[in-house]
RNA sequence: GCGCCUAUAGCUCAGUGGACAGAGCGCCGGCCUCCGGAGCCGGGUGCGGAGGUUCGAAUCCUCCUAGGCGCACCA
C-alpha cells in the first residue's frame, strides 16, 4: 500500500506479486494470503508454537533480551534531588521510571549507567547553612529566626542536634548572622505554594568568618541528607552507579573552563555587568546569563560542565529525567552544549509529569514552602515497594499520575500488581502439586509433546509470550517503560484464562507435560518482566 | 503574549498512517465434586470541535475550545 503510488499499481496487485514470489520452504511460514485492501497475512505452521515455547525455556532468565543497543553506552541521570531535604513522593516516581528505563535499556542491549547529580554547591547550600545556624542557636536556647527564603523543614533540627553532639558549638561566631539587619527583600512570587525558597542572600552583610561557619554546617547537613536519600533509594531497590557531586565539577574548575571556552568560541559576551550565553543562536528564545553581576555562576554553568564531563567519560547518549517544573531547560542546556561543539541530539531530556497522592478519594495536599510534603520514607511505610513501583510505572511519563494509596494497599485482584504476582504464585503452586504427585517435571518439560497444545486459550497464551522481546525493545526504544505493566497484566490474564479452561495435571501424562511446559514458559516471562520492573515474583502469597 | 503537554467508554488510562478503536475499575448476569475463586465467562457506550493531507487518520498539518506546565542575574 505504501508502494502503490510509486509503483503506480493497485495495492492488491503488488501484494499478489509479492505473495507469488514468496518461498516459505524451510521457514515457519505455512502460507501467505492477500487480504483486505492489500495486506499480506502470513499463516504460521503449527510448529511455530512449539518453537516459541522451546525458545523461552532454553533462554530462561535471558528470554526477552534483544540487541538493538549493540553495546552503545548510555547514561541515565535521574532523581538528582537537591541535598537540602529528604526525598519526597515525586522523587519516587522519578526513581521508578529512571531505574526501570535503565534496566529495560540494558535488556535491549545498551550498556547503561545510572547516575544521581548532587547539587551540593551554590546558593541553596548557603541557605541550608543559614537554616542550620538558626536551628543550632535555637537548640542552644537563643532567640533566632529563619532568614527570608530559608528551608523551614523541621528535619534540620535533628541534624543540628547531631552536629552539636558531634562537634559542639564552640567554633560558632559570636556576632549576629549576616542576614540580620540586611535589606528586606520581597519574596519572588507570593502565591506559588510549590516553589523553592527565594534567594535574597546577596543582600547579606559581608562576613567571611560567619560564612565559613555556615559552610561547615551546610556540608555536615548535606552529607547527612544525602546519606538519608541513599538509604531510602536502596530500600526502594534503586542503586546508582555513581553519585556525582557538583562540588567535584567546581573543584576541578569546570565552570570557569566552560565560560572560557564559550568566550573563545565567540558564543559568550558581557553586558550589564554579567556574562551571557548567546543561546538565541542555537534556537533559544532569549540569551541566558552565565555569570551573574555578583560574580556567581548561574545554575546552568556547573551543569554544562557536568555534561561535558559525561561526554568525556565516553557515553554515546545521555538521558536526563527532569520534573515538569523544569520544562524548557533543555533548550538552554542543549544550546550551551552545541556552542561547545557537542552534538545536542546526544542529550535527551524526559520530563515527568506531576504526582498527586489520593487517599479516601481526596487529594493529599503537599507544599514545599510550608515544609509539608510526604517524604518517600513515610510513603514507603504505607505502601509496599512492589505496589509503589508498579503504580509509578503504570502511566506514561507525560501523563499526570494520581497515586491511589487505598488501591495500592488492597490485596485483591482490583490491585493489578497482586493480579500479576498471583499468576506467578499460582504457577509455582502447580509445580509443587506436580512434584508432590510424583511427576518427573524436568523430564516432562524436556520431552513434552508441545503439538498437543491446540486449545484456543493455550495458543493465545503462547502468542502473548512470543511478544515479550518486542515489548522489551519498544519499551526501551520509545522510552516507554509503562508498557511493561500493561504487558505483564496481559500475560497474567492469558494465563488465568488458560488455567480456568485447561486442566494442567491430569491422567493424560503427555498433555500434562505439554501444559506444564506452557506453565513454565509463562512463569519465566512473568518473572523476567517483573525483574525488569524491580518487582518481586513471589512463589507463594 | 510566546512555547510545550494533555483531551479516547460513566471513571482511570492504552493505542505515534492500516482491517470491526482496546484494558482495568464501576454496573448487570452467569461459573467452584477437580491443580490457589486473590480466578474465569458474557453484556455497551467513545476518539473535544471544524477544516485539510492520504487509497486509508485517534495517529500527520491548520485553526478553535478546555485543562495543566513553563517562559529568572532561582535551582
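Numbering (my numbering), first residue to last: 22 to 562. Even for Gly, the Cβ is constructed at its ideal location relative to N, Cα and C.
Can you tell me the Cα-Cα spacing of residue i and residue j, whole angstroms?
i           : j           : result
residue 300 : residue 355 : 9 Å
residue 194 : residue 373 : 44 Å
residue 298 : residue 316 : 15 Å
residue 344 : residue 422 : 13 Å
residue 318 : residue 312 : 4 Å
residue 102 : residue 77  : 40 Å
residue 430 : residue 556 : 15 Å
residue 200 : residue 274 : 29 Å
residue 329 : residue 134 : 16 Å
residue 439 : residue 325 : 43 Å
residue 197 : residue 171 : 17 Å
residue 478 : residue 449 : 20 Å
residue 340 : residue 237 : 34 Å
residue 188 : residue 399 : 29 Å
residue 475 : residue 487 : 16 Å
residue 100 : residue 224 : 31 Å
residue 175 : residue 107 : 11 Å
Quick check on DSSP: helix, strand or coil for residue i?
i           : result
residue 427 : helix
residue 379 : strand
residue 344 : strand
residue 136 : strand
residue 445 : helix
residue 330 : helix
residue 312 : strand
residue 528 : coil
residue 416 : coil
residue 363 : coil
residue 297 : strand
residue 128 : helix
residue 31  : coil
residue 52  : strand
residue 264 : strand
residue 577 : Lying before the first or after the last residue shown, residue 577 is absent from the chain, which here runs from 22 to 562.
residue 122 : helix
What residues in its chain sit with their C-beta under 7 Å from that of residue i, if we drop five residues either side in the sequence?
i           : result
residue 525 : 451, 533, 536, 537, 540
residue 504 : 492, 495, 496
residue 8   : This structure cannot settle anything about residue 8, because the visible part of the chain is limited to 22 through 562.
residue 181 : 153, 156, 157, 160
residue 305 : 352, 353, 356
residue 543 : 448, 482, 486, 512, 516
residue 91  : 130
So, at 8 Å on beta carbons, what are the nonlocal neighbours of residue i in its own chain, with the 5 sequence-adjacent residues on each side left out?
i           : result
residue 33  : 55, 58, 59
residue 61  : 36, 39, 40, 53, 54, 55
residue 468 : 534
residue 395 : 109, 110, 378, 385, 387
residue 403 : 426, 430
residue 202 : 226
residue 307 : 300, 301
Excluding the five sequence neighbours on either side, which residues of its own chain have a C-beta within less than 6 Å of the C-beta of residue i, listed in chain order?
i           : result
residue 263 : 136
residue 508 : 492
residue 385 : 378
residue 124 : 553
residue 327 : 270
residue 31  : none
Buried or exposed, going by whether 16 or more other CB atoms sit within 10 Å of the CB of residue i?
i           : result
residue 433 : exposed
residue 418 : buried
residue 48  : exposed
residue 109 : buried
residue 288 : buried
residue 89  : exposed
residue 267 : buried
residue 98  : buried
residue 211 : Low confidence applies here, because residue 211 scores a pLDDT of 36, under 50, leaving its location unreliable; read the following figure in that light. With fewer than 16 Cβ atoms within 10 Å of its Cβ, residue 211 is classed as exposed.
residue 364 : exposed
residue 331 : buried
residue 637 : A query on residue 637 cannot be resolved here, the shown segment of the chain reaching from 22 to 562 and no further.
Contact check, residue i vs residue j under 8 Å by CB: the rounded distance?
i           : j           : result
residue 51  : residue 65  : 6 Å
residue 353 : residue 321 : 6 Å
residue 515 : residue 482 : 4 Å
residue 480 : residue 70  : 6 Å
residue 142 : residue 323 : 7 Å
residue 336 : residue 139 : About 19 Å; that fails the 8 Å criterion.
residue 67  : residue 472 : 6 Å
Give a single yes or no on whether residue i has its beta carbon closer than 7 Å to a heavy atom of the ligand MG.
i           : result
residue 533 : Among the ligands in the structure shown, none appear at all, so the ligand MG cannot be discussed.
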